[in-house]
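Residue numbers (the working numbering): 14 to 220. A virtual CB, placed ideally from N, CA and C, is assigned to each residue, including glycine.
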Amino acid sequence: DGLFGSLTLFTHDVDNYIFLIDEIEEDHDEHGDDHGDEHGDEHEGEHGDELGGLIRANYLQQDAELKGYELELGKVFDLARGDLTVSFARDSLSGEFDDGTNIPRMVPDRNIYSVVHSEPTLDLSLRLRDVHKQTDIGFNETVSEGYEMLDFRVSKTFNVDQGAELTLSLFANNLLNEVARNHASFVKDPVPLPGRNYGIKLSLSNF
């Protein structure tokens with residue numbers, strides 16, 4: 014009947030989970046005071062710019078628990094010239110330290126809707142990623158807004174000399190031109206995900 018589906022549930026208890034966290038202004042000031050006590054007034058005014066405007070960050074360890082699930086449902090339709098696959102997928106991940114605070118940079122929940130048409134020498138795919146707003150934030154993090162990312166791709170394969178195959182692919186990503194930020198990125202605010210973009214790819218195989 015062409016129906017398919019899968020469900021994965023998982024939970025992980027992690028001892029000494031390693032994570033990176035930015036210092037806040039108060040932490041930086043305390044470090045500056047300690048530095049001044051150790052080296053005296055001859056370095057006064059130098060410490061404030063010792064990192065060249067960069068943010069100081071520290072690697073820390075703490076026991077943590079991660080849990081979530083991955084779900085996919087779909088159906089394959091037999092057509093006269095190929096197959097049409099329609100599917101829905103969803104994944105969710107959450108993480109907390111043993112003190113109840115959130116692990117930083119946890120990816121938000123997302124739904125993925127896709128339609129794929131396949132023929133022997135032609136493939137077309139349309140995919141929409143509905144990424145939720147991330148409000149379960151860790152220490153010194155900011156909320157990441159949700160977004161919808163629509164991608165399209167078409168690939169055509171040509172038989173060339175002596176059995177070699179040439180595949181031409183055209184793609185268009187972020188067709189809605191969403192301003193999107195990856196919550197798991199260390200530089201999500203200054204560096205958003207790419208806007209609307211197009212491309213072409215050629216590949217040769219079996220030569």
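Report task. Inspect the CB distances between the stretch 145-152 and the stretch 107-125 and report whether three or more fall short of 8 Å. Result -> yes
Report task. Out of T98, N195, L86, point me to the one whose CA is closest to M162's CA. Result -> Nearest option by C-alpha distance: N195.
Requested in this report: Please work out which residues of its chain come closer than 6 Å, Cβ to Cβ, to Q74, disregarding the five sequence neighbours upstream and downstream, and give them in chain order.
Outcome: N29, I31
Query raised in the report: For K88, which residues from the same chain have a beta carbon less than 7 Å from its beta carbon, with the 5 sequence-adjacent residues on both sides left out?
Result: G15, L16, V99.
Query raised in the report: Taking the C-alpha atoms as reference points, what is the distance between E178 and F23?
Result: 41 Å
Query raised in the report: What is the DSSP secondary structure of G65, reduced to helix, strand or coil?
Result: coil
**Report entry** Own chain, CB closer than 6 Å to E36, minus 5 neighbours either side, in chain order
**Finding:** R69
Requested in this report: Inspect the beta-carbon positions of S182 and L135 and report whether they are closer than 9 Å.
Outcome: no
Requested in this report: Return no unless some Cβ of chain D is closer than 9 Å to the Cβ of L183.
Outcome: In the displayed structure, chain D is absent; only one protein chain is listed.
Report task. Please name the residue or residues paired with G95 in a DSSP beta bridge. Result -> L92
Report task. With DSSP collapsed to three states, give me the class of D176. Result -> Note that residue 176 is Gly in the sequence shown here, rather than Asp. Helix.
Query raised in the report: Going by the CB atoms, is the gap between S105 and L79 shorter than 9 Å?
Result: no
Report task. Name, in chain order, the residues that DSSP records as bridge partners for N29. Result -> In the DSSP output, where bridge partners are listed per residue, N29 has none listed.
Query - Helix, strand or coil at D164 according to DSSP, with G and I counted as helix - result: Three-state result, D164: strand.
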